Amino acid sequence: MGKFKNGNKIVIKSVLIPGPNNSLRTVPGNLEQVSCTGHMGPFATWTVQKVKKKVVKLINKKSGKYLRIDGAGNLNCGGTGGKWCAFKKDRVSPGVFTFKALHHPGAAHYVGIKKKDCLPKNPKTCTGGKFCHFKVIVK
7 MGKFKNGNKI VIKSVLIPGP NNSLRTVPGN LEQVSCTGHM GPFATWTVQK
57 VKKKVVKLIN KKSGKYLRID GAGNLNCGGT GGKWCAFKKD RVSPGVFTFK
107 ALHHPGAAHY VGIKKKDCLP KNPKTCTGGK FCHFKVIVK
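Take the position in the sequence shown, starting the count at 1, then add 6; the result is the number in the numbering used here.
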């Protein structure tokens with residue numbers, strides 16, 4: 007629970023992609039795009055905005071915008087703090103979480119990036135499973 011204290015600075019790392027450059031980040035030159043090629047710098051740093059017990063919004067340090075899954079189901083960092091920016095966080099194992107879009111009807115939408123789709127032009131949402139698991143590190 008301490009990882010998601012309001013105002014905490016965190017890094018969100020894919021558990022499936024090996025190496026140091028596997029953090030969810032905004033893309034230099036296009037801060038609305040996200041990729042999983044970040045390390046620990048400002049493009050990959052997110053500020054926690056706690057909404058309620060298991061619900062958070064994540065603000066990117068570099069862009070000042072919110073991570074969101076928009077109404078069309080696209081993952082990006084163009085949010086302004088509205089309903090598409092709210093995520094239910096669920097603990098999978100110690101230090102590992104999923105982030106489920108709170109306001110999507112029908113099928114569940116989670117933040118998720120597959121290794122083959124790590125290029126900035128291919129951010130993904132998923133419907134659950136290991137592609138949606140992220141290790142959270144407090145900076």
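Beta carbons: idealized from backbone N, C-alpha and C, even for Gly.
Bear in mind that the values here come from a model prediction, so they are computed numbers and not experimental data.
(request) Just grab the DSSP bridge partners of Ser-20 for me. (result) By 1-based counting over the sequence shown, the position of residue 20 is 14. Bridge partners of Ser-20: Phe-140.
(message) Nearest by alpha-carbon distance to Thr-32: which of Gly-77, Tyr-72, Phe-140 and His-115 is it?
(response) The residue labelled residue 32 in the question sits at position 26 within the sequence shown. Ranking the options by Cα distance to Thr-32, first place goes to Tyr-72.
(request) Specify, as a first and last residue, the run of the beta strand (DSSP E) that Phe-105 falls within. (result) For the purposes of this step, residue 105 is taken as residue 99 along the sequence shown, with counting starting at 1. Per DSSP, Phe-105 belongs to the beta strand (DSSP E) from 102-107.
(request) Label Asn-66 either buried or exposed according to how many other C-beta atoms from any shown protein chain fall within 10 Å of its C-beta, with 16 as the threshold for buried. (result) As a position in the sequence shown, residue 66 is number 60, starting the count at 1. Result: buried.
(message) Tell me the DSSP secondary structure of Lys-58 in three-state form.
(response) Start at 1 with the first residue of the sequence shown, and residue 58 comes out as number 52. Reduced to three states, the DSSP call for Lys-58 is strand.
(request) Along the beta strand (DSSP E) that carries Asp-96, what are the first and last residues, could you check? (result) Taking the sequence shown and counting its residues from 1, one reaches residue 96 at position 90. Its beta strand (DSSP E) spans residues 93-99.
(message) Taking 8 Å as the threshold (C-beta atoms), are Ala-92 and Val-57 in contact?
(response) Here the question's residue 57 lines up with position 51 in the sequence shown. Here the question's residue 92 lines up with position 86 in the sequence shown. Yes, these two residues count as a Cβ contact at 8 Å.
(request) Using a threshold of 8 Å, state whether the C-beta atoms of Lys-89 and His-109 are closer than that. (result) The residue labelled residue 89 in the question sits at position 83 within the sequence shown. The residue labelled residue 109 in the question sits at position 103 within the sequence shown. In this structure, His-109 lies closer than 8 Å to Lys-89 by Cβ.
(request) Consult DSSP for Lys-68 and reduce its assignment to one of helix, strand or coil. (result) In the sequence shown, the residue the question calls residue 68 occupies position 62. Note: Lys-68 maps to coil in three-state DSSP.
(request) Measure the alpha-carbon distance for Gly-134 versus Thr-43 and round it to whole angstroms. (result) Taking the sequence shown and counting its residues from 1, one reaches residue 134 at position 128. Taking the sequence shown and counting its residues from 1, one reaches residue 43 at position 37. For Gly-134 and Thr-43, the distance between alpha carbons rounds to 21 Å.
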